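For reference, the structure discussed in these notes is given below.
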Amino acid sequence: PASFVVPTSVEPEIQELASSYNHMMTRREDILRRAHQFTADVTHELRTPLTILRGETELALRNGRDPKRLRQVLESNLEEISRMSYLIEDLLLLSKGDLGEIPLKKEPLLLNELIIELHHQAQLLATAKNIKVELHCPKELAFLRADSLRLRQVFLNLLTNAIKYTPDDGDVSITLSFDEQYAVITITDTGIGIGSEHLETIFDRFYRVNKTKNRNDGGSGLGLAIVKWIVEAHHGSVKVSSSLGQGSSFTVTLPRLSDSETLVTVDQ
Ligand code: ADP
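Residue numbers (the UniProt record's numbering): 212 to 479.
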């Protein structure tokens, strides 16, 4: 049975056994439900771009004499194909993580340098919306042991979200601070914010606050799941605080290399 109802008259040991069995079954059901939901989400995410690709290609084959129109179809198809490729890449990374593989190439990395570079990229992305991206970075240097490509992905995901969910003329800021053990990177925006009822689930795979709207922005709802996975694979943590209509703040905490490890790194 899925769960046992034990009369109160039986031995306490039996009651305890039944209760842990019930607990285990609830957990199993939860895992199965999530796996089922995950498959449904993946199927949906791949079916939508495929339907668009098929529809556009069929139409172009039927009526496509105009080279300009044909070019437009090819461009739009390429966009859908890239969207699918990114999705598959992200899913592959998460599924490797599920299997306990951590495909990271960790090397000593100067965090200040990475953040300054990402600040420039974010500024470029934000110009179209006239959003100002500020950087607050201490003079002190912090080294981490990290996979630089993956960390770049973490901060780019957070920064593109900050820009995407902030209306024109808003502000985004990147703040770096350190203590002896940790580096803390906070990305704050003055955007639409996230309702408190969504804050617990925001890092779940495929979770989106507004499912219909975000497809036009190219979002799959995997960005934050990837952020969390990569940060935790670096023994760090990520937190969010937000207030609806006011903006959001994502804080990533990552362990620093110790002074002696840093000395070895700088000497090399
Ligand atoms: P998506 O690809 O849809 O952006 P993410 O996993 O990156 O997926 O984010 C999940 C959801 O969290 C988004 O759909 C959006 O609703 C919400 N979200 C993420 N970052 C922000 C932000 N800075 N401001 C407001 N909402 C955000």
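Just so it is clear, CB atoms sit at the ideal spot from N, CA and C, and this is done for glycine as well. A quick note: this is a predicted structure, and the numbers were derived from the prediction, not measured.
Item: Option nearest residue 557 by Cα separation, candidates Val-420, Asp-390, Val-438; Value: There is no way to answer for residue 557, as the model of the chain reaches only from 212 to 479.
Item: Ile-405 Cβ short of 7 Å to the ligand ADP heavy atom set; Value: yes
Item: Inter-residue CB distance, Ile-398 and Ala-357 (contact presumed, cutoff 8 Å); Value: About 17 Å; that fails the 8 Å criterion.
Item: Among Val-216, Lys-340, Asp-415, the one whose alpha carbon lies nearest that of Tyr-376; Value: Lys-340
Item: Residue range of the unbroken alpha helix (DSSP H) whose run includes Ile-403; Value: Careful: Ile-403 lies outside any alpha helix (DSSP H) and carries neither H nor E.
Item: Neighbourhood of Thr-219 by C-beta, 8 Å cutoff - its chain only, sequence neighbours within 5 removed; Value: Gln-226
Item: Whole runs of the beta strand (DSSP E) within the region 339-401, excluding any shorter than 3 residues; Value: 343-347, 354-357, 382-389, 393-400
Item: The ligand ADP heavy atom lying under 7 Å from the CB of Ala-337; Value: no
Item: Cα-Cα separation, Lys-450 to Val-438; Value: 11 Å
Item: Exposure of Asp-301, with buried meaning 16 or more beta-carbon neighbours within 10 Å; Value: buried
Item: Rounded C-alpha distance that separates Tyr-393 from Lys-317; Value: 17 Å
Item: Bridge-paired residues (DSSP) for Glu-318; Value: Ala-357
Item: Contacting residues, own chain, Cβ-Cβ under 7 Å from Gln-457 (five flanking each side not counted); Value: Gly-404
Item: N- and C-terminal bounds of the beta strand (DSSP E) containing Pro-218; Value: Segment: none, Pro-218 is in no beta strand (DSSP E) and carries neither H nor E.
Item: Beta-carbon proximity check, residue 178 vs Val-365, cutoff 8 Å; Value: Look at the range of the chain in this structure, 212 to 479, and you will see that residue 178 is not part of it.
Item: Heavy atom of the ligand ADP within 7 Å of Arg-363 beta-carbon; Value: no
Item: DSSP three-state assignment for Ser-454, whether helix, strand or coil; Value: strand
Item: Within 8 Å, strictly: CB atoms of Leu-468 and Pro-319; Value: yes
Item: Arg-282 classed as buried or exposed, judged by whether at least 16 other C-beta atoms fall within 10 angstroms; Value: exposed
Item: Complete beta strand (DSSP E) runs within the region 261-339 (minimum length 3 residues, chain order); Value: 318-321
Item: Beta bridge counterpart(s) of Thr-464 as assigned by DSSP; Value: Val-395, Ser-448
Item: Minimum Cβ-Cβ distance from Leu-346 to chain B less than 8 Å; Value: Looking at the structure shown, chain B is missing, and only one protein chain is on hand.
Item: Arg-419 Cβ short of 7 Å to the ligand ADP heavy atom set; Value: yes
Item: Meets three-Cβ-pair contact criterion under 8 Å: the region 264-280 and the region 309-316; Value: no
Item: Residue burial classification, Glu-256 (beta-carbon count within 10 angstroms, cutoff 16); Value: buried
Item: heavy atom of the ligand ADP below 7 Å from Leu-435 C-beta; Value: yes
Item: Residues near Ile-396 in its chain [Cβ-Cβ closer than 6 Å; skip 5 each side]; Value: Leu-387, Val-463
Item: Leu-455 versus Gly-406 - alpha carbon distance; Value: 5 Å
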